[in-house]
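S.K.:
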Amino acid sequence: MNRREFLAAAGALPLAGCADATPPLPPGGLLGADAAFGHRLLKGGFPPPIETRRCTAVIIGGGIAGLSAAWRLAKAGIDDVLLCELEPRVGGNARWGENAVSAFPWASHYLPLPTREARAVRELLADLGAIEGDPHAAKPRYDERYLCQAPQERLYRNGVWQEGLMPQAGLSATERAQMQRFIDLMASFKVRRGRDGRKAFALPLDLSSRDPELLALDRQTMRDWLRSQGIDSQSLHWYVDYACRDDYGTGSAQTSAWAGIHYFACRDGEAQEASSDIVLTAPEGNGWMVRRIEEGLRGHLLTSALCTRIGQAARRVFAEVFLSEEQRTVRIEAEQLIWAANAFVLPRVWPEAPAPLAAAARKIDYAPWLVANLTLDRLPEERHGAPLSWDNVIYDSPGLGYVVATHQHMRTKPGPTVFTYYRALADPLARAAREKLLAAPREAWADAILRELERPHPDIRTITSRMDVCRYGHAMARPLPGTLWHGSRTALSRVYGRIQLAHADLSGMSLFEEANYRGVLAAERVLKSLGVRATTIL
1 MNRREFLAAA GALPLAGCAD ATPPLPPGGL LGADAAFGHR LLKGGFPPPI ETRRCTAVII
61 GGGIAGLSAA WRLAKAGIDD VLLCELEPRV GGNARWGENA VSAFPWASHY LPLPTREARA
121 VRELLADLGA IEGDPHAAKP RYDERYLCQA PQERLYRNGV WQEGLMPQAG LSATERAQMQ
181 RFIDLMASFK VRRGRDGRKA FALPLDLSSR DPELLALDRQ TMRDWLRSQG IDSQSLHWYV
241 DYACRDDYGT GSAQTSAWAG IHYFACRDGE AQEASSDIVL TAPEGNGWMV RRIEEGLRGH
301 LLTSALCTRI GQAARRVFAE VFLSEEQRTV RIEAEQLIWA ANAFVLPRVW PEAPAPLAAA
361 ARKIDYAPWL VANLTLDRLP EERHGAPLSW DNVIYDSPGL GYVVATHQHM RTKPGPTVFT
421 YYRALADPLA RAAREKLLAA PREAWADAIL RELERPHPDI RTITSRMDVC RYGHAMARPL
481 PGTLWHGSRT ALSRVYGRIQ LAHADLSGMS LFEEANYRGV LAAERVLKSL GVRATTIL
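Each residue of the sequence shown is one higher than the one before, counting from 1 in the working numbering.
1. Here's the rule I'm using: 16 or more other beta-carbon atoms within 10 Å means buried, otherwise exposed. How should G44 be labelled?
2. On the DSSP letters alone, give me the boundaries of the alpha helix (DSSP H) that N516 sits inside.
3. Between the beta-carbon of G385 and the beta-carbon of R434, is there less than 7 Å?
4. Which whole-angstrom value is the C-beta distance of Q500 and A475, which I expect to be below 8 Å?
5. Roughly how far, in whole angstroms, is the beta-carbon of T209 from the beta-carbon of G230, given that I think they are within contact range, below 8 Å?
6. Assuming V330 and P112 make a contact with CB atoms under 8 Å, what is their CB distance in whole Å?
7. Using the DSSP secondary-structure output, state which residues sit across from M476 in a beta bridge.
8. Quick one: Cα of M509 to Cα of H457, how far?
9. Quick one: Cα of A440 to Cα of A502, how far?
10. Would the segment 59 to 73 and the segment 517 to 532 be scored as touching if the rule is three or more Cβ pairs under 8 Å?
11. Along the alpha helix (DSSP H) that carries T250, what are the first and last residues, could you check?
12. Grab me the residues of P428's own chain with a C-beta within less than 6 Å of its C-beta, minus the 5 sequence neighbours each way, in chain order.
13. Does the beta-carbon of H136 have 16 or more other beta-carbons within 10 angstroms, so that it is buried, or is it exposed?
14. Which same chain residues, not among the five before or five after T536, have their C-beta less than 8 Å away from its C-beta?
15. How do the segment 53 to 61 and the segment 320 to 335 stand: do at least 3 beta-carbon pairs fall below 8 Å, yes or no?
16. Can you have a look at E144 and say buried or exposed, based on whether 16 or more other CB atoms are within 10 angstroms of its CB?
17. Can you tell me the Cβ-Cβ gap for T375 and R461, rounded? I've got them flagged as a contact below 8 Å.
18. Alpha carbon to alpha carbon, how far is N286 from L539? Give it in angstroms, no decimals.
19. The beta strand (DSSP E) that contains D143, what's its start and end?
20. Quick check: what's the CA-CA separation for D318 versus A341?
21. Decide if I293 is buried, meaning its Cβ has at least 16 other Cβ atoms within 10 Å, or exposed.
22. Excluding the five sequence neighbours on either side, which residues of its own chain have a C-beta within less than 6 Å of the C-beta of G61, listed in chain order?
23. Distance check for C307 and W96, CA to CA, integer angstroms please.
24. Compare the Cα-Cα distances from P481 to each of G164, D224, D196 and report the closest residue.
25. Quick check: what's the CA-CA separation for G251 versus A426?
26. Measure the alpha-carbon distance for D247 versus Y263 and round it to whole angstroms.
27. My parser needs the beta strand (DSSP E) runs of 3 or more residues fully inside the segment 117 to 170; what are they?
28. Hey, could you find the ends of the beta strand (DSSP E) Y395 is sitting in?
29. Express the C-alpha separation of C470 and E153 in angstroms, rounding to a whole number.
30. Between L42 and the ligand HEM, is the CB less than 6 Å from at least one heavy atom?
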């Protein structure tokens, strides 16, 4: 979002209020991470611990990395675990909610078919019942309830909905040729091997080739790489920019070319009875996995719990945790600690952190995001073209479109529904975008979102009964040029005594598979330190 767009959004409410023809904004709330609670770390002054708890392992952070670590430890028979989460609910970037109409996502809303390299993800899906039979088969059999129902995606452009997200209609012969060239280039990268024999672009990315020719792509932006290939089609550049904003929260002009190509070339998962481009989803997005893992952790969770300090001695580690609902601090002592929260917080809570680690954590650049859930009395009026799909994107829009929570319900008759809208504030200066995100009131964002959705749905404002807006100031690490393979990221992946690190931040890109990999890797390091014999699932 640039300054002009922000001022337009912030000024939309007063203008809308003066126009008699504009319906009033729907009611709703403003949600998001508890910034005031989290920012207390800057001020300090927490009460000293009045209670000490002991366990085998303590996990700080209840996102996918922390939940994956807890799941892996439990799988190995370690149940003396305590997981601490800042927010009232676990989930992180896979959190979810529900109302009388449907469950719905508050963040990540799908998982592509996991690759054969993403072994831990497949093991998790098998444990949760989404994969039936051998999870490591070339083409696993998935529970059809989690396979996205058709139609899956569409794009609104020039007043018409088209199938798929890559622009198709109204292209010149030159643009069509460039589209095909781009498709061919990505297909070649998907099967390419580096000189070390590894896949050029693997998921998790740690399994990718270290071929210098491939890693050199990390030194330029995706937009510059496209131009170096003679690709200047405006429609194609929009499509690639959309993809970068969708997965990384930043535009192609700031995204590492290695990361940009990785988006298109790393995924080659397959299923027995579905096409390779199908995704796994549910009304609550990836929240269904959070819910299932959470059920197995009852009695092992501390929520609304802010970790204020960690440290380690020769035989123990400790974490001091402030419980906001009880207004008191507890000290947790354990044999091992897994830090599965955002890396940028680590230097504040671990004063003795090694200097290279603290420096690497401070260098991470985070993308801010906005998510809104619109509860609709009925389906909106449709423009021409492809029918309503699960994923619906508007061309040349500041947002990333919306997904339909009730799409997986497979209703025989239409009725009320929930649209989940996404926008990455892909300003080149993430800090400035974050300040804008926090400064604008809910009403300004609600009006801006409705104005955007009125392009394909003129009646959206009149049928929206409620709109809740959620802000994420530090949603995901941005894979800027040089950060993946030429920066200080390796310092985040090392073992530091009894403290293990686990978060997608360590990978430099916030993907489910990366968070799961980091959580499982940390858990397996804990198992090794504890002397537990366990075969790796990575």
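Using N, Cα and C, we set each Cβ at its ideal position, and we do this for glycine too. Note that the coordinates shown come from a computational prediction; the quantities given were computed from them, not determined experimentally.
M.R.: With the given structure in hand:
1. Your numbering for residue 44 matches position 44 in the sequence shown. By the Cβ-count criterion, G44 is exposed, with fewer than 16 other Cβ atoms from all chains shown falling within 10 Å of its own Cβ.
2. Reading the sequence shown from its first residue, position 516 is the one you call residue 516. From DSSP, the alpha helix (DSSP H) with N516 extends over 512 to 529.
3. The residue you call residue 385 lines up with position 385 of the sequence shown. The residue you call residue 434 lines up with position 434 of the sequence shown. No; because the gap between Cβ atoms is not below 7 Å, this pair is not in contact.
4. Indexing the sequence shown from 1 puts residue 500 at position 500. Indexing the sequence shown from 1 puts residue 475 at position 475. The Cβ separation is near 24 Å, so there is no contact.
5. By 1-based counting over the sequence shown, the position of residue 209 is 209. By 1-based counting over the sequence shown, the position of residue 230 is 230. According to the sequence provided, residue 209 is Ser. The question's Thr does not apply to it. Contact between S209 and G230 does not hold, since the beta-carbon distance rounds to 25 Å and is not under 8 Å.
6. The residue labelled residue 330 in the question sits at position 330 within the sequence shown. The residue labelled residue 112 in the question sits at position 112 within the sequence shown. With 8 Å as the limit, V330 and P112 do not qualify as a contact, their Cβ atoms being about 40 Å apart.
7. Counted from its first residue, the sequence shown places residue 476 at position 476. Its beta-bridge partners are A367.
8. Within the sequence shown, residue 509 is the residue found at index 509, counting from 1. Within the sequence shown, residue 457 is the residue found at index 457, counting from 1. Roughly 33 Å between the two C-alpha positions.
9. Counting from 1 along the sequence shown, the entry for residue 440 is found at position 440. Counting from 1 along the sequence shown, the entry for residue 502 is found at position 502. Approximately 33 Å between the Cα atoms of the pair.
10. yes
11. Taking the sequence shown and counting its residues from 1, the one referred to as residue 250 is at position 250. That residue, T250, is in no alpha helix (DSSP H); it is neither H nor E in DSSP.
12. Residue mapping note: residue 428 aligns to position 428 of the sequence shown, counting from 1. These residues qualify, in order along the chain: Q254.
13. For the purposes of this step, residue 136 is taken as the residue at position 136 of the sequence shown. By the neighbour-count rule (16 or more Cβ atoms within 10 Å), H136 is not buried but exposed.
14. Within the sequence shown, residue 536 is the residue found at index 536, counting from 1. E524.
15. yes
16. Within the sequence shown, the letter at position 144 stands for residue 144. Exposed.
17. Against the sequence shown, residue 375 aligns to sequence position 375. Against the sequence shown, residue 461 aligns to sequence position 461. The beta-carbon separation of T375 and R461, rounded to 13 Å, does not stay under the 8 Å limit for a contact.
18. In this structure the chain extends from 1 to 538, so residue 539 is not present and cannot be described.
19. Stepping through the sequence shown from its first residue, residue 143 is reached at position 143. No beta strand (DSSP E) holds D143; DSSP gives it neither H nor E.
20. Along the sequence shown, one-based indexing puts residue 318 at 318. Along the sequence shown, one-based indexing puts residue 341 at 341. The residue you asked about is not Asp; residue 318 is Phe in the sequence shown. Going from the Cα of F318 to the Cα of A341 covers about 16 Å.
21. Locating residue 293 in the sequence shown gives position 293, where the first residue counts as 1. The residue in question, I293, is buried, as its Cβ has 16 or more Cβ neighbours within 10 Å.
22. Within the sequence shown, the letter at position 61 stands for residue 61. A340, A341.
23. In the sequence shown, counting from the first residue as 1, residue 96 sits at position 96. In the sequence shown, counting from the first residue as 1, residue 307 sits at position 307. Note on geometry: alpha-carbon atoms of W96 and C307 lie some 23 Å from one another.
24. Against the sequence shown, residue 481 aligns to sequence position 481. That would be D224, whose Cα lies nearest to the Cα of P481.
25. Sequence index remark: in the sequence shown, residue 251 carries index 251 (1-based). Sequence index remark: in the sequence shown, residue 426 carries index 426 (1-based). Spanning the two alpha carbons is a distance of roughly 6 Å.
26. Here residue 247 is taken as the residue at index 247 of the sequence shown, counted from 1. Here residue 263 is taken as the residue at index 263 of the sequence shown, counted from 1. The alpha-carbon atoms of D247 and Y263 are separated by roughly 8 Å.
27. 153 to 157, 160 to 163
28. To locate residue 395, count along the sequence shown from 1; it is residue 395. Counting along the chain, Y395 falls outside any beta strand (DSSP E), and DSSP gives it neither H nor E.
29. Looking up residue 153 in the sequence shown gives position 153. Looking up residue 470 in the sequence shown gives position 470. Their Cα atoms are separated by approximately 24 Å.
30. Ligands are entirely absent from the displayed structure, and the ligand HEM is therefore not among its contents.
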